[in-house]
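Working notes, beginning with the structure itself.
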Amino acid sequence: MLRERFGDARFRKAVRLKCKELASKATLARSVAAPAPPAVFLLAFRRLEVASGSELRRWYFRKIKRIEAEKKLLLPENEHGAFLIRDSESRHNDFSLSVRDGDTVKHYRIRQLDEGGFFIARRTTFRTLQELVEHYSKDADGLCVSLNKPCVQVEKPVTEGLSHRTRDQWEIDRSSLKFARKLGHGQFGEVWEGLWNNTTPVAIKTLKPGTMDPKDFLAEAQIMKKLRHNKLIQLYAVCTLEEPIYIITELMKNGSLLEYLQGKGRGLKLQQLIDMAAQIAAGMAYLESQNYIHRDLAARNVLVADANIVKIADFGLARLIKEDEYEARVGARFPIKWTAPEAANYSKFSIKSDVWSFGILLTELVTYGRIPYPGMTNAEVLHQVEHGYRMPCPQNCPAALYEIMLECWHKDPLKRPTFETLQWKLEDFFTMDNSEYKEASAY
């Protein structure tokens with residue numbers, strides 16, 4: 001029946017196999033005695049039309065959100081007319097076309113006909129999505145711009161370790177490391193770009209002698225190496241047999257978020273800044289799910305890769321720093337301006353004190369790396385915050401974002417939002433309602 005409906009030419013061997021696979025996944029493979037109605041097979045076939053060639057169709061991005069589509073299309077690697085097709089978020093079995101138009105992204109609904117086929121404007125229908133793409137690549141035909149090149153994919157997968165050996169044996173010979181370029185320095189050491197075994201690019205963090213006990217660090221590293229999330233810097237290996245301790249991680253060539261905001265990132269738009277915040281919230285939501293506390297969340301401890309991809313670094317290390325090195329309370333080295341009052345005053349660190357710090361990090365983002373509480377000393381901040389003072393809304397910061405900051409700074413830790421909540425609030429910050437999808441212009 002299905003062969004008769006669509007014709008033999010559409011059912012080459014590879015496609016038949018793919019159809020069988022899809023039907024199985026969609027639980028369409030009913031018994032022969034009770035076959036599914038034609039409409040059910042038609043639904044499977046429509047999905048097949050996309051899936052069977054998706055590896056060749058770089059424009060199909062499957063289930064990504066609209067805000068993610070906008071982020072990808074606005075990357076500098078993409079030009080005017082760059083586009084992608086994704087599954088519709090709100091309409092089951094429909095698709096959406098997202099197109100870069102200058103510095104903005106326009107979205108169009110791709111609807112399906114009952115008898116098969118696709119359309120954006122009813123006056124022009126297409127048998128397949130490939131035909132739709134080819135048509136609008138030749139002629140805008142009512143779209144904001146004719147389709148140019150598919151959206152580029154820039155984020156590369158990160159390996160779990162330097163080699164199979166280092167997955168279990170994390171201590172490596174420091175002679176296997178080659179230091180190439182200093183990326184930055186802080187109170188407790190330096191960060192270098194380097195090579196492991198002259199082949200693998202890595203970041204090497206060197207800790208000043210006496211900063212932390214090597215045994216304590218090794219114990220913490222056993223926990224850290226099990227934390228795996230695409231928004232956390234991956235720990236590869238360590239050198240702890242002598243000082244200085246080396247921490248070897250994946251390399252993020254743009255350095256810290258703080259330095260990036262103050263330099264190359266000064267041209268970032270609010271939408272890109274909010275997306276970075278959402279990425280950080282996603283990484284922290286993972287730590288939250290693992291009952292793990294960062295303790296020193298700030299822009300200086302977030303690293304930046306290409307395409308404004310950010311990842312959280314140094315999670316858990318603050319707990320290991322010796323107290324005389326960290327100068328508790330109002331000492332110059334203790335990050336009072338990022339620390340929740342219950343943590344600064346009573347050392348009550350929790351994931352909720354991390355939420356407070358995240359609110360401060362949001363101010364760093366929208367001010368391009370300005371020091372929080374400008375003009376105030378640590379002692380003044382500690383006193384004023386304890387008595388109810390909160391930073392005013394930064395210039396050019398949307399009121400809705402400032403509301404999120406104030407939620408993070410609630411005096412009662414239990415009334416602060418979870419990172420999971422912060423993640424979806426930020427991911428959906430710019431979400432438009434369905435009425436704002438564009439229609440192809442009529443002539």
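For the sequence shown, full-length UniProt numbering gives the first residue as 1, with consecutive numbering after it. Ideal Cβ positions, reconstructed from N, Cα and C, are used throughout, including at glycine.
Going by alpha carbons, who is nearest to asparagine 198 out of Leu177, Leu303, Lys215, His185?
Of Leu177, Leu303, Lys215, His185, the residue nearest in Cα terms is Leu177.
Taking the beta carbon of isoleucine 223 as the centre, do at least 16 other beta carbons fall within 10 Å, making it buried, or is it exposed?
With fewer than 16 other Cβ atoms inside 10 Å of its own Cβ, isoleucine 223 counts as exposed.
So, for valine 381: in the same chain, excluding its five sequence neighbours on each side, which residues have a beta-carbon less than 7 Å away from its beta-carbon?
Ile336, Lys337, Tyr373
Count Cβ pairs between the segment 234-246 and the segment 338-345 that sit closer than 8 Å; are there 3 or more?
no
Where does glutamate 429 sit, in a helix, a strand or coil, going by DSSP?
Here residue 429 is phenylalanine; the residue named in the question, glutamate, does not match the sequence. Note: phenylalanine 429 maps to coil in three-state DSSP.
Contacting residues, own chain, Cβ-Cβ under 6 Å from leucine 74 (five flanking each side not counted)
none
Taking the runs of the beta strand (DSSP E) that are 3 residues or longer, which of them lie wholly in the segment 376-400?
none
When we look at the beta-carbon of tryptophan 424 and count the other beta-carbons within 10 Å, is it buried (16 or more) or exposed?
exposed
Note down, one range per segment and in chain order, each beta strand (DSSP E) of at least 3 residues found wholly within the segment 205-260.
Those beta strand (DSSP E) runs which fall completely within the segment 205-260 and span 3+ residues are 235-239, 246-249.
With 16 as the cutoff for other CB atoms within 10 Å, does histidine 383 come out buried or exposed?
Label assigned to histidine 383: exposed.
Label lysine 253 either buried or exposed according to how many other C-beta atoms from any shown protein chain fall within 10 Å of its C-beta, with 16 as the threshold for buried.
Lysine 253 is exposed by the Cβ-count criterion.
Three-state secondary structure assigned by DSSP to histidine 185
strand
Under the three-state DSSP convention, the category tryptophan 424 falls into:
helix
According to DSSP, simplified to helix, strand and coil, what is histidine 107?
In the displayed model, histidine 107 falls within a strand according to three-state DSSP.
Rounded to whole angstroms, what's the CA-CA distance from glutamate 420 to alanine 140? Just pull it up for me.
40 Å
Any idea what DSSP makes of proline 341, helix, strand or coil?
The three-state secondary structure of proline 341, taken from DSSP, is helix.
With distances taken between CB atoms, is the gap from glycine 189 to leucine 207 smaller than 9 Å?
yes
Residue(s) in a DSSP beta bridge with arginine 100
As computed with DSSP, arginine 100 is found in a beta bridge with Val105.
Contact between the segment 295-304 and the segment 256-273: three or more CB pairs below 8 Å?
yes
Spatial distance of isoleucine 204 from glycine 117 (CA atoms):
54 Å
Residue(s) in a DSSP beta bridge with tryptophan 196:
Leu177, Thr200
Straight-line Cα distance separating asparagine 308 from threonine 104
Their Cα atoms are separated by approximately 17 Å.
Starting from aspartate 87, trace the alpha helix (DSSP H) in both directions and tell me its first and last residue.
Taken as a continuous stretch (DSSP letters only), aspartate 87 belongs to no alpha helix (DSSP H), being part of the beta strand (DSSP E) at 83-87.
Relative to the alpha-carbon of aspartate 412, which residue among Ala282, Ile360, Lys352 has its alpha-carbon at the smallest distance?
Lys352
Separation of lysine 106 from cysteine 393, as counted between CA atoms:
31 Å
Suppose you measure from the CA of alanine 281 to the CA of phenylalanine 429; what does that come to, to the nearest Å?
13 Å
Determine, using beta carbons only, whether arginine 100 and asparagine 78 come nearer to each other than 9 Å.
yes
Here's a check: name, in chain order, each residue in its chain whose Cβ is nearer than 8 Å to the Cβ of leucine 195, leaving out the five neighbours to either side.
The answer, listed in chain order, is Leu177, Lys178, Ala180, Pro201, Val202.
In whole angstroms, what separates the C-alpha of methionine 284 from that of isoleucine 371?
22 Å
With burial defined as no fewer than 16 other Cβ atoms inside 10 Å of the residue's Cβ, what is the status of arginine 66: buried or exposed?
buried
Please classify alanine 399 as buried or exposed, where buried requires at least 16 other C-beta atoms within 10 Å of its C-beta.
exposed
Which term fits lysine 138, buried or exposed, when burial requires 16 or more other beta carbons within 10 angstroms of its beta carbon?
exposed
Look at the alpha carbon of tyrosine 286 and the alpha carbon of tryptophan 409, and state the distance between them as a whole number of angstroms.
Each residue's alpha carbon lies about 21 Å from the other.
Residues in the same chain with beta-carbon distance under 7 Å from alanine 278, minus the five sequence neighbours each way, listed in chain order, please.
Same-chain partners within the cutoff: Gln423, Leu426, Glu427.
Determine the DSSP secondary structure at threonine 367, reduced to helix, strand or coil.
Shown here, threonine 367 sits in coil according to DSSP, grouped into three states, outside any helix or strand.
Rounded straight-line distance, which links the Cα of aspartate 87 to that of phenylalanine 315
35 Å
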